[in-house]
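S.K.:
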Amino acid sequence: MRIWKFGNDIDTDAIIPGRYLTEYDPKKLAEHVFEGTRDDFRIAVKEGDVVVAGRNFGCGSSREHAPLALLGAGVKIVVAESFARIFYRNSVNTGLLPLICPDTGALLEGHDLTVDLAGGSLESEGARYPFEAVPPFMQEIVDAGGLVEYAKQMKEVELCTKSQQ
Amino acid sequence: MGATLVEKIFSTRCGKEIEAGDVVMAAVDRAMIHDITGPLAIQKFREMGGERVFDPARIVMLFDHQVPADSIQAAENQKFMREFALRQGIHNYDLREGVCHQVVLEKGHAAPGEIVVGSDSHTCTYGAAGAFATGIGSTDMGFVLKFGALYFRVPDSIRVEVNGAFAPRVGAKDLILSIAGDIGADGATYQALEFTGETFESMPMPGRMTCSNMAIEMGAKAGIVPPDAITWEYLRERRPEVRPFPLKSDEDATYSEMREFDVTDLVPQVAVPHNVDNVVDVDEVAGTHVDQVFIGSCTNGRYEDFAEAAEILGDRKFSDDVRVLIIPASRDEYMKTLRAGLIEKFVEAGALVEAPCCGPCMGGSFGLLAPGEVSLSTSNRNFRGRQGSTEAEVYLCSAATAAASAITGEITDPREV
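From first to last, the protein sequence lines are chains A and B.
Quick note on our numbering: the first sequence kicks off at -17 and runs consecutively.
Quick note on our numbering: the second sequence kicks off at 6 and runs consecutively.
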C-alpha cells in the first residue's frame, strides 16, 4: 500500500471541513476529504493506501466524520507518532485502525508500506518499524469488529468493570 | 495515597478506589447531543439494537451549529432528531436556547462530581462547574444512549496553579491562550487539567467556562475547576437539590505534572494562524488588518464579554472596513445583553447581531471567509479553513481585544483605545 505523508497537528477541520458535516455517508464525505489542504489526496488516493503522519493526528473536533471520510476514501490504517484522544477512539469505533509508531519520520511519501498486524511492525523499503499495541480494552472492540458489533453482543453493561492499563 | 479530584469522582461513582490509568465502565449523569453529531449517534444507537434510550431525563438535545437550518440536509437532520426526541421523551431545546455548552451549564445539567459526556469536543467546558466532562464521538454516544454508561480511561491530572490578579483589559481568555501556548496543542493529551490557585479561586463562572472550554485545545480530556463557593452559588437555583459538599484533590495527590503561572504581568494574548498554541503578546501582531471580527461562541459569547466590548466601544463606531459579528452564546445571555441596552449600542455602531448559535466558529453555515481574508475571533480554534477558505487566516483573542480591533480595523491592544 502507498504512503500519503502528512505532518504534525493534522486537525479534523483539515480532514473534513465543517461545512460538510450535515453528511455522514463515508463515500460522500470522501469527496471532500482534505479539501483545500491536500487536494491531490482525494483525487489520487487508492483503496488500501495508508496515511502516515507526525504528532497529534486528528486534533480538534469530536466529529466522527473525520475517520469516516478517510474510510470512504479507502484508507483503512492511519500511522502516526501520536493521535488526539477523541480521533483515536472514533477511529477504533468505526473500524479505521490507528497505529502509533514513533518512527514515522523515516516513512516517505509514495513508498510502499506493509503492515504486519500480528508481528506488531510496519515494513517499508526493507526497514522495519515497530508500532505500539492497541490498548487491551480497545483491542476487545477491534476484535468484536467495532463498537456497534461489540454493543450488539451485550444486553446490559456491567458497571465499573475495571482493567489496569 | 492521596487522590486527584478526577480520581475521586470516578472512585465515588464506582464505589471503590480508582486510579489514573484504570479503565472503567462508568455510568454517566448526563449526555448531550447536538445537530451535527446527534443524527449519527442516533443511527449508531439503532444499529446497536437500541430501542429505548437509557433515561430520557438524562439526555440533553439541542441545535446550535446550523441554526436556523442552512440547507435542506441540515433541516432533515434536525427533523430526524426532533422526531427521535418526541418518541423517546427526551427534552429538546431545539434551536431556541443557544450553544450547547452554555445551555448545559446555565440549565444546571452539570454539577460537581458528576460525569457528563457530550458529542462535541468542547464538552470539557462543564469542568467549570466541577463536573468531569468530556467530548466523545457519535458511536460512543450511541453506546451511551443505549446503556447510560461508557468505558473511560481515567486520566492523569496536570495541576495548573495560577496566582496573581489580572491587569485591566486582561482576563481569562488571555490566561488560557497563554497556558495553551505553554503546554502546547498536544501537551495534555489524555490528561485532565486541574485549574487551581488564587486567580481561579476568585474567578467568576464565565472566566472558568472560558478556561475549561479550551482544555481540549491542549489535547486534554477534561479541564476542571475544584468546586467552591462561586460554583455552589451558580448552582443554587439551577440545581437546588444538589447540596454543597467538599470535593477537591488531596494534598498528597499524584499529578503527572505541575505548572505555575502568574497573571500579574500578563498582557493581552493572540493565537496566530493556524495553531491554537501559536500564541504571542498582542503587540507582536498589532496593526494586522482584519476583515471580520467575531465576538461570540461557547468560549466568549457571554454577557460579561459583551459588557467589556461595549465599555471599550463607548460612543464610537466600529470600523467600516470590518464586518463585526456579535452572537450571544445563549438566549439568556442574549436577553441580559439586550436588557442592558448593549445590542442597540452594537447595532448602532455597525455590528451584525445574530441569534444565539455557533455561527462562524465552525465555519458551517454563515460568516465564512474568502481567500486572503483575516478574521479575529473570540472562539476557540484557528485551524486552517476553520472559518471558510483554507487561504483565510483566523486569529484568536479576548472580547476586549476583539472590540478594540473592531474599532480600529486592525489588531489592537485593548489597553490603548
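Even glycine gets a Cβ: it sits at the ideal position worked out from N, Cα and C.
Less than 8 Å between CB atoms is the rule here; does R168/A satisfy it with respect to chain B?
M.R.: The displayed coordinates of chain A run from -17 to 147. Any statement about residue 168/A would go beyond what the structure contains.
S.K.: Strictly under 8 Å for the Cβ-Cβ distance: is G0/A near chain B by that measure?
M.R.: So yes, G0/A belongs to the interface.
S.K.: What does DSSP give as the partner residues of L41/A in its beta bridges?
M.R.: The question names Leu, but residue 41/A in the sequence shown is Cys. Answer by DSSP bridge pairing, in chain order: D(-7)/A.
S.K.: Is S403/B closer than 8 Å to C363/B when the C-beta atoms are compared?
M.R.: Going by C-beta atoms, C363/B is not nearer than 8 Å to S403/B.
S.K.: Restricting to Cα atoms, I'd like to know which of V32/A, R1/A, D(-9)/A is closest to R391/B.
M.R.: The candidate whose alpha carbon is nearest that of R391/B is R1/A.
S.K.: At a Cβ threshold of 8 Å, is L129/A touching chain B?
M.R.: Chain B, which has a Cβ nearer than 8 Å to the Cβ of L129/A, makes this yes.
S.K.: Any idea what DSSP makes of R92/B, helix, strand or coil?
M.R.: Helix, per DSSP.
S.K.: Starting from I188/B and walking both ways along the alpha helix (DSSP H), at which residues does that stretch end?
M.R.: I188/B -> alpha helix (DSSP H) spans 177 to 188.
S.K.: Does the CB of F137/B have a neighbour CB from chain A at under 8 Å?
M.R.: Not one chain A Cβ lies under 8 Å of F137/B.
S.K.: Helix, strand or coil, according to DSSP, for Q147/A in the structure here?
M.R.: Confidence is the limiting factor: at Q147/A the pLDDT is only 46, short of 50, which leaves the residue's position unreliable, though a coordinate-based value still follows. Here Q147/A sits in coil by DSSP.
S.K.: Leaving aside the five residues before and after G147/B along the sequence, list all residues of the same chain whose C-beta is less than 6 Å from its C-beta, in chain order.
M.R.: Taken in chain order, the residues that qualify are A46, K49, F50, M53.
S.K.: Check the DSSP bridge columns for F65/A and list the partner residues they point to.
M.R.: BP columns for F65/A point to F39/A.
S.K.: Taking the runs of the beta strand (DSSP E) that are 3 residues or longer, which of them lie wholly in the segment 133 to 167 of chain B?
M.R.: Within the segment 133 to 167 of chain B, the complete beta strand (DSSP E) runs of at least 3 residues are 137 to 140, 154 to 158.
S.K.: What does P17/B reach in chain A if we use C-beta pairs closer than 8 Å?
M.R.: Position check: residue 17/B holds Thr in this sequence, whereas Pro was assumed. Under the 8 Å cutoff, chain A gives no residues; its nearest Cβ is about 11 Å from T17/B.
S.K.: When you compare each of G186/B, T194/B, A177/B, N218/B to E206/B by their alpha carbons, which one comes out closest?
M.R.: When only C-alpha atoms are compared, the closest one is A177/B.
S.K.: Relative to the C-alpha of G42/A, which residue among E262/B, M367/B, I95/B, S335/B is closest?
M.R.: Residue M367/B is the option with its Cα nearest to G42/A.
S.K.: Keeping to the same chain, check which residues put their C-beta closer than 7 Å to that of Q147/A; ignore five residues upstream and five downstream.
M.R.: Note that Q147/A scores 46 on pLDDT, short of 50, meaning its location in the model is unreliable; the coordinates nonetheless yield the value given after this. Result list for Q147/A: P117, in chain order.
S.K.: At least one CB of chain A closer than 8 Å to the CB of Y339/B: is that the case?
M.R.: No, Y339/B does not count as interfacial toward chain A.
S.K.: Residues of the segment 71 to 86 of chain A with a CB closer than 7 Å to any CB of chain B: list them in chain order, please.
M.R.: Listed by position, the residues of the segment 71 to 86 of chain A near chain B (Cβ gap below 7 Å) are R71, N72, N75, T76.
S.K.: What does a CB cutoff of less than 8 Å around A48/A pick up in its chain, not counting 5 residues either side in sequence?
M.R.: Only T(-6), I(-3), I(-2), G40, F69, N72 meet the Cβ criterion.
S.K.: Below 8 Å CB to CB, which residues in the same chain sit around E24/B once its five sequence neighbours on both sides are set aside?
M.R.: If we look at E24/B and ignore the five residues flanking it on each side, its Cβ neighbours are A8, E12, V159.
S.K.: Quick one: what does DSSP say G7/B is sitting in, helix, strand or coil?
M.R.: In the structure shown, G7/B sits in a strand (DSSP, three-state: E or B).
S.K.: Specify the secondary structure class of R241/B as computed by DSSP and reduced to three states.
M.R.: Three-state result, R241/B: helix.
S.K.: Residues of chain A with CB under 8 Å from K226/B, in chain order?
M.R.: Neighbours of K226/B on chain A, chain order: R67.
S.K.: Can you tell which of T4/A, P8/A, A12/A has the C-alpha that lies nearest to the C-alpha of G39/B?
M.R.: The identity of residue 39/B in the sequence shown is His, whereas the question assumes Gly. Among T4/A, P8/A, A12/A, the Cα nearest to that of H39/B is on T4/A.
S.K.: Please report how far the alpha carbon of D191/B lies from the alpha carbon of F65/A, in whole angstroms.
M.R.: About 9 Å.
S.K.: Do L347/B and V329/B have their CB atoms nearer than 8 Å?
M.R.: Going by C-beta atoms, L347/B is not nearer than 8 Å to V329/B.
S.K.: Look up G128/A in the DSSP assignment and say whether it is helix, strand or coil.
M.R.: G128/A: coil per DSSP, three-state reduction.
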